[in-house]
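>
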Amino acid sequence: MQANKIILSLVSVALLGGALQATDWLYGAGTEPSMVKVHGKKVVNHNNTPHFWGFIQVGYQQNYGDIVMKAGANKTPFSMLTPDLNSQSGFEVNRARLAVRGMIDKDNTLDYFFMTEFGEDGITQPAGNKTGNYLTDASITYRGIPHLNVRFGQFKYPGSEEGLRAVFASEYRNFTKVTDELMLERFLPRNAIKTGTDTYTANPAGPTYSVGAFRDRGVELFDTEHISKKVSVTVAGMAGNGTGLSSSNSSGDLTYYGYLASEYSLGGGKGYYTQAVKAFAWYQKGKRQLNNTKYDRTRYGVGVDYFHSGLRLDAEYIAAKGMIFNGAKDQGTDSYSDNWQYQILAGNQNKSDGYYLNAQYYVIPKKVELLARYDYLDRLSNNAALEREFTTTTVGLSYHIKGPNRIDLNYAFRDAKAPGNTGAQKVLDHMGNLLSIQGTIKF
Numbered sequence: 005m006q007a008n009k010i011i012l013s014l015v016s017v018a019l020l021g022g023a024l025q026a027t028d029w030l031y032g033a034g035t036e037p038s039m040v041k042v043h044g045k046k047v048v049n050h051n052n053t054p055h056f057w058g059f060i061q062v063g064y065q066q067n068y069g070d071i072v073m074k075a076g077a078n079k080t081p082f083s084m085l086t087p088d089l090n091s092q093s094g095f096e097v098n099r100a101r102l103a104v105r106g107m108i109d110k111d112n113t114l115d116y117f118f119m120t121e122f123g124e125d126g127i128t129q130p131a132g133n134k135t136g137n138y139l140t141d142a143s144i145t146y147r148g149i150p151h152l153n154v155r156f157g158q159f160k161y162p163g164s165e166e167g168l169r170a171v172f173a174s175e176y177r178n179f180t181k182v183t184d185e186l187m188l189e190r191f192l193p194r195n196a197i198k199t200g201t202d203t204y205t206a207n208p209a210g211p212t213y214s215v216g217a218f219r220d221r222g223v224e225l226f227d228t229e230h231i232s233k234k235v236s237v238t239v240a241g242m243a244g245n246g247t248g249l250s251s252s253n254s255s256g257d258l259t260y261y262g263y264l265a266s267e268y269s270l271g272g273g274k275g276y277y278t279q280a281v282k283a284f285a286w287y288q289k290g291k292r293q294l295n296n297t298k299y300d301r302t303r304y305g306v307g308v309d310y311f312h313s314g315l316r317l318d319a320e321y322i323a324a325k326g327m328i329f330n331g332a333k334d335q336g337t338d339s340y341s342d343n344w345q346y347q348i349l350a351g352n353q354n355k356s357d358g359y360y361l362n363a364q365y366y367v368i369p370k371k372v373e374l375l376a377r378y379d380y381l382d383r384l385s386n387n388a389a390l391e392r393e394f395t396t397t398t399v400g401l402s403y404h405i406k407g408p409n410r411i412d413l414n415y416a417f418r419d420a421k422a423p424g425n426t427g428a429q430k431v432l433d434h435m436g437n438l439l440s441i442q443g444t445i446k447f
């Protein structure tokens with residue numbers, strides 16, 4: 005395993021050095037295009053009419069795991085469907101988002117982006133607890149400085165590719181385990197219950213916060229420079245509150261984000277379907293506060309993306325130190341009702357890492373796509389009793405109707421090991437596979 009991680013890291017860094025952004029997510033979300041096509045010809049974009057758009061993702065899931073109860077508490081959150089964790093199968097409205105974007109002036113000096121969420125996911129109902137939060141994005145980008153864009157507000161921070169990617173573009177219903185646990189940050193209220201050394205569980209009587217959704221509030225500086233006809237380099241830096249989608253529970257310290265990517269164009273395509281190879285690296289570090297104690301949270305990663313002639317290949321390695329999410333825990337004793345609360349191991353000694361490898365191919369161009377993805381997470385590798393190793397292999401089929409409008413079928417083979425804890429392994433043995441069917445409509 006260690007050899008695989010080292011090889012993946014070296015390959016990614018080597019490609020960065022060779023100046024290889026299949027999709028420039030920072031520019032796509034933060035700015036309006038400078039040039040647009042009118043009657044087949046490219047012209048300067050002076051259209052400052054607001055552009056309203058959105059998307060809906062609906063579907064069905066079936067979790068084939070078994071449920072283990074002990075003293076009225078459910079010990080198998082992995083056998084329940086997210087975000088509610090109250091059933092093993094059912095139809096869902098996973099996401100329903102409405103957005104407006106555009107430029108304030110016709111010179112495209114100030115651009116804006118606002119988006120809301122009305123579906124049922126970790127933003128609105130984390131672990132089945134309603135937050136009342138519907139705002140995901142609210143930002144303004146100033147573009148009046150040559151070779152520099154300045155974005156203010158709440159938006160996706162520069163980081164992991166799976167987090168930056170427009171969620172409606174992905175043919176997978178669920179994030180990889182490594183991205184979900186290390187990057188999709190869970191926030192606890194300051195009055196979280198301390199249940200062990202630097203271990204905290206959310207207080208059921210306290211407030212409930214949305215997952216971070218790969219977002220933060222702050223200011224970002226970014227730019228993409230084309231150093232040749234085929235090669236471009238993107239650099240970004242951001243300082244944020246470190247509070248995700250909430251202004252609550254701030255430690256008073258900023259979280260810093262850094263990002264570097266390089267792309268080599270293979271010609272044609274646009275957006276998620278740009279034909280290119282991209283290599284990237286990113287880093288983030290900040291502090292979080294629980295019970296008047298500040299803890300470090302560090303994340304970093306490297307990866308490669310490739311898309312050409314209907315073939316998509318992705319690989320990313322992610323590492324984490326401090327503030328490790330340790331799953332949802334049932335705090336109740338009523339076997340007929342689950343009271344899920346997130347748990348975090350906050351100490352800086354805690355470590356986790358993992359990676360994913362993805363391959364997709366259009367067997368019928370622009371219509372039928374085959375999917376295969378493998379991801380691995382080694383959670384709390386520093387603690388023999390709490391260490392968990394998760395492996396997930398997801399296969400699937402995607403039928404594209406037009407553009408991002410499609411139907412996705414995923415089947416995930418899931419396994420988990422507790423190498424230093426035989427008691428925990430007996431519970432993990434009840435993990436089952438996961439079937440997902442999802443339809444996406446963008447309008």
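Counting in the working numbering, the final residue of the sequence shown is number 447, and the numbers go up one at a time with none missing.
Beta carbons are placed, not taken as given, at the ideal position from N, Cα and C, and that holds for glycine.
Do residue 372 and residue 403 have their C-beta atoms within less than 8 Å of each other?
It is a contact, given that the beta carbons lie within the stated cut-off.
> If you pair each beta-carbon of the stretch 187–201 with each one of the stretch 257–265, do three or more pairs fall below 8 Å?
Not touching, per the Cβ criterion.
> DSSP on residue 326, reduced to helix/strand/coil?
Residue 326: coil per DSSP, three-state reduction.
> Among 95, 283 and 137, which has the Cα closest to the Cα of residue 317?
Of the listed residues, the one whose Cα sits closest to residue 317 is 283.
> State the DSSP-derived secondary structure class of residue 172, mapped to helix, strand or coil.
Looking at residue 172 - three-state DSSP - the assignment turns out to be helix.
> What did DSSP end up calling residue 82 once you bin it into helix, strand or coil?
DSSP places residue 82 in helix when its eight states are reduced to three.
> Do the stretch 108–125 and the stretch 29–40 make contact, defined as three or more Cβ pairs closer than 8 Å?
Because the criterion of three Cβ pairs below 8 Å is met, the stretch 108–125 and the stretch 29–40 touch.
> Please state whether DSSP places residue 180 in a helix, a strand or coil.
DSSP places residue 180 in coil when its eight states are reduced to three.
> Measuring CA to CA, which of 123, 222, 295 and 359 is closest to residue 206?
With distances taken between Cα atoms, residue 206 lies closest to 295.
> For the structure I just gave you, are there three or more beta carbon pairs, one from the stretch 309–327 and one from the stretch 266–284, closer than 8 Å?
Yes, the stretch 309–327 is in contact with the stretch 266–284.
> Cβ atoms of residue 99 and residue 60: under 8 Å apart, would you say?
Contact: yes.
> Does the structure place the stretch 233–241 close enough to the stretch 264–272 that three or more beta carbon pairs sit under 8 Å?
Because the criterion of three Cβ pairs below 8 Å is met, the stretch 264–272 and the stretch 233–241 touch.
> So, is residue 344 buried or exposed, given that buried needs 16 or more other C-beta atoms within 10 angstroms?
Buried is the call here.
> According to DSSP, is residue 47 helix, strand or coil?
It is a strand residue.
> When you compare only the Cα positions, how much space is there between residue 227 and residue 211?
Using only the alpha carbons, I get a separation of about 38 Å.
> Let me make sure I understand the geometry here. Which of 307, 254, 75 and 327 has the alpha-carbon closest to that of residue 301?
Residue 327 is the option with its Cα nearest to residue 301.
> So, with DSSP's three-state summary, where would you put residue 370?
Correct three-state label for residue 370: coil.
> Say whether the stretch 355–362 touches the stretch 166–185, bearing in mind that this needs 3 or more beta-carbon pairs closer than 8 Å, one atom from each stretch.
Taking 8 Å as the limit for Cβ pairs, the verdict is that the stretch 166–185 does touch the stretch 355–362.
> Could you name the residues of the same chain whose beta carbon sits closer than 6 Å to that of residue 441, not counting the 5 residues immediately before and after it, in chain order?
For residue 441, where only same-chain residues beyond five positions count, the Cβ hits under 6 Å are 63, 64 and 413.
> Going by DSSP, what residue range makes up the beta strand (DSSP E) through residue 444?
Start and end: 438–446.
> Using alpha carbons as the reference points, say which of 332, 217 and 240 lies closest to residue 247.
Comparing Cα positions, the closest option is 217.
> Run the proximity test for residue 353: is its beta-carbon closer than 7 Å to any non-hydrogen atom belonging to the ligand MN?
In the structure on display, the ligand MN does not appear, and there are no ligands present to speak of.
> Going by the CB atoms, is the gap between residue 166 and residue 179 shorter than 8 Å?
Result yes, Cβ atoms of residue 179 and residue 166 sit closer than 8 Å.
> Less than 8 Å separating the beta-carbons of residue 355 and residue 325?
Going by C-beta atoms, residue 355 is nearer than 8 Å to residue 325.
> Taking the C-alpha atoms as reference points, what is the distance between residue 130 and residue 152?
Near 36 Å, if we compare the C-alpha coordinates of residue 152 and residue 130.
> Let me know the beta strand (DSSP E) ranges lying completely inside the stretch 87–148, each 3 residues or longer, listed in chain order.
Within the stretch 87–148, the complete beta strand (DSSP E) runs of at least 3 residues are 93–107 and 114–121.
> Under a Cβ-count criterion, where at least 16 other Cβ atoms within 10 Å of its own Cβ denotes burial, should residue 73 be classed as buried or exposed?
Exposed: under 16 other Cβ atoms inside 10 Å.
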